[in-house]
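A quick write-up on the structure given underneath.
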Amino acid sequence: MKIKSIQNRNYTQEVLNIIPEEMQLLFSQIKLEHYEELYEPEADGTDSLQDTLKKVLELIQHKDKKLAYYRYLWMTLILILVVEPTLEYYDSNNLLPKQVINLISSVLQNNINSKINTKIIDNDAFDKLITEIFKSHESYFQNKEASFQEINEALDVFYNAMKVIKDDQSVEAILEILYDCLEGYAIFPGSYGRRELFDWWLLDVVPASYNLLPPESFYVVEGLENKEEIRLRQTRLLNQLSSQVWDDISKNLISKEEKTLSVIISS
3 MKIKSIQNRN
13 YTQEVLNIIP
23 EEMQLLFSQI
33 KLEHYEELYE
43 PEADGTDSLQ
53 DTLKKVLELI
63 QHKDKKLAYY
73 RYLWMTLILI
83 LVVEPTLEYY
93 DSNNLLPKQV
103 INLISSVLQN
113 NINSKINTKI
123 IDNDAFDKLI
133 TEIFKSHESY
143 FQNKEASFQE
153 INEALDVFYN
163 AMKVIKDDQS
173 VEAILEILYD
183 CLEGYAIFPG
193 SYGRRELFDW
203 WLLDVVPASY
213 NLLPPESFYV
223 VEGLENKEEI
233 RLRQTRLLNQ
243 LSSQVWDDIS
253 KNLISKEEKT
263 LSVIISS
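FYI, in our numbering the residues of the sequence shown are 3 to 269.
Below you can see the structure in the form of structure tokens.
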């Protein structure tokens with residue numbers, strides 16, 4: 003059974019690792035576009051960043067909505083892991099970011115393992131964390147060097163990450179997260195490097211999310227003393243979770259195959 007599980011997982015990953023051709027074509031088109039929102043000097047106002055983001059997210063849910071939900075959760079995890087150092091810088095003792103990360107990881111795994119086609123949410127934990135997000139403004143702003151915009155938009159990312167859990171709000175919530183990250187100060191302040199950050203999301207985060215795998219590299223702001231430590235921590239966490247998720251998917255596939263075989267034999 004163990005060998006079958008490994009073979010099944012490898013086969014499934016081979017299937018999902020194929021980025022759809024229409025997604026590849028969209029990527030090629032986007033590479034040629036320039037956006038005023040990213041402060042690109044070549045931008046002439048023709049291309050809309052918001053429209054581009056919507057096209058990419060819609061393509062992710064093109065065929066399988068349940069799988070799209072997993073991918074949206076995965077993308078959210080990657081993005082909040084990248085935003086986490088912003089809040090950590092102003093208050094390293096605040097456990098809110100890790101609690102949100104743990105909840106989303108748990109929701110993802112619980113839904114994959116669910117025997118029924120419903121979205122599993124711990125409403126008490128959900129409501130408690132929403133309350134903590136609003137309370138956390140006081141904690142972070144106690145720092146004399148605190149930047150209102152950085153903290154406010156980073157907390158907004160975690161607030162919208164909670165909304166991604168609600169299936170009917172996932173796309174709009176991720177668009178809000180992307181606004182805070184790509185145009186706002188949730189990851190870093192200023193206008194420099196915005197296109198680079200966008201390209202990382204498009205060419206690394208999107209394919210990684212589509213395949214439920216860690217990105218090739220994590221975006222960490224230059225100048226942080228513990229930059230490599232942060233990158234290793236983020237990569238390790240997603241490597242472990244990706245392995246668990248794929249094990250769960252393969253087990254569920256095997257269970258379905260065995261049930262089908264049982265029905266065939268009994269008939």
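The beta-carbon is built from N, C-alpha and C at its ideal position, and this holds for glycine as well.
- [ ] With distances taken Cα to Cα, identify the nearest neighbour of Ser30 among Ser116, Leu204, Glu60.
- [x] Leu204
TODO: Please classify Tyr37: does DSSP put it in a helix, a strand, or coil?
DONE: strand
Task: Beta-carbon spacing of Thr54, Ile32 below 9 Å - done: yes
Open item on the list: On a Cα-Cα basis, can you pick out the residue from Phe136, Gly195, Gly225, Gln236 that is closest to Leu215?
Closed with: Gln236
Open item on the list: Please classify Tyr212 as buried or exposed, where buried requires at least 16 other C-beta atoms within 10 Å of its C-beta.
Closed with: buried
TODO: Determine contact between the segment 94-101 and the segment 227-247, defined as no fewer than three beta-carbon pairs at a distance below 8 Å.
DONE: no
Task: C-alpha distance - Asn125 paired with Asn162, whole-angstrom precision - done: 16 Å
Task: Local conformation of Asp182 per DSSP, three classes - done: helix
- [ ] Report all residues from its chain with a CB closer than 8 Å to the CB of Val207; omit the five preceding and five following residues, and keep chain order.
- [x] Met77, Ile80, Leu81, Pro217
- [ ] Measure the C-alpha to C-alpha separation of Tyr37 and Ala70 and round it to an integer number of angstroms.
- [x] 27 Å
Open item on the list: Taking only three categories from DSSP, how would you classify Asp66?
Closed with: coil
Task: Rounded Cβ spacing between Val109 and Phe220 (contact assumed at less than 8 Å) - done: No, Val109 and Phe220 are not in contact; Cβ-Cβ is about 22 Å, not under 8 Å.
Open item on the list: List, from N- to C-terminal side, the beta strand (DSSP E) runs of 3 residues or more that fit wholly inside the segment 79-116.
Closed with: none
Open item on the list: Since Arg196 and Leu184 should fall inside the 8 Å C-beta cutoff, what is the C-beta to C-beta distance between them, to a whole number of angstroms?
Closed with: 7 Å
- [ ] Work out the CA separation of Asn254 and Glu178 for me, nearest whole Å.
- [x] 33 Å
Task: Residue environment, Tyr194, which counts as buried when at least 16 other CB atoms sit within 10 Å - done: exposed
Open item on the list: Tell me which residues share the same chain as Leu105 and place their Cβ nearer than 7 Å to its Cβ, disregarding the 5 neighbours each side in the sequence.
Closed with: Ala127, Leu131
TODO: Report buried or exposed for Pro87, applying the criterion of at least 16 other Cβ atoms within 10 angstroms of its Cβ.
DONE: buried
TODO: Using only the heavy atoms of the ligand GTP, determine whether one of them is closer than 8 Å to the beta carbon of Ser116.
DONE: As presented, the structure is devoid of all ligands, the ligand GTP included, so that no description of it is given.
TODO: Can you give me the Cβ contacts of Asn119 inside the same chain, cut-off strictly under 8 Å, excluding the 5 residues immediately before and after it?
DONE: With a pLDDT of only 45 at Asn119, under 50, the local geometry of the prediction cannot be trusted, and the value read off the model is given with reservation. Hits under 8 Å: Lys68.
Open item on the list: Tell me the DSSP secondary structure of Asp129 in three-state form.
Closed with: helix
Task: According to DSSP, residues forming a beta bridge with Asp49 - done: Tyr37
Open item on the list: Nearest by alpha-carbon distance to Leu40: which of Gln242, Arg238, Leu199, Pro209 is it?
Closed with: Leu199
- [ ] Using three-state DSSP, classify Glu60 as helix, strand or coil.
- [x] helix
Task: Enclosing alpha helix (DSSP H) for Leu199 [first to last residue] - done: 196-202
Task: Chain-order list of residues whose beta-carbon lies under 8 Å from that of Pro191 (same chain, five-residue window excluded) - done: Ser149, Gln151, Glu152
Open item on the list: Once the 5 residues before and after Val2 are set aside, which same chain residues still bring their CB inside 7 Å of it?
Closed with: In the structure as shown, the chain begins at 3 and stops at 269. Residue 2 is therefore absent and cannot be evaluated.
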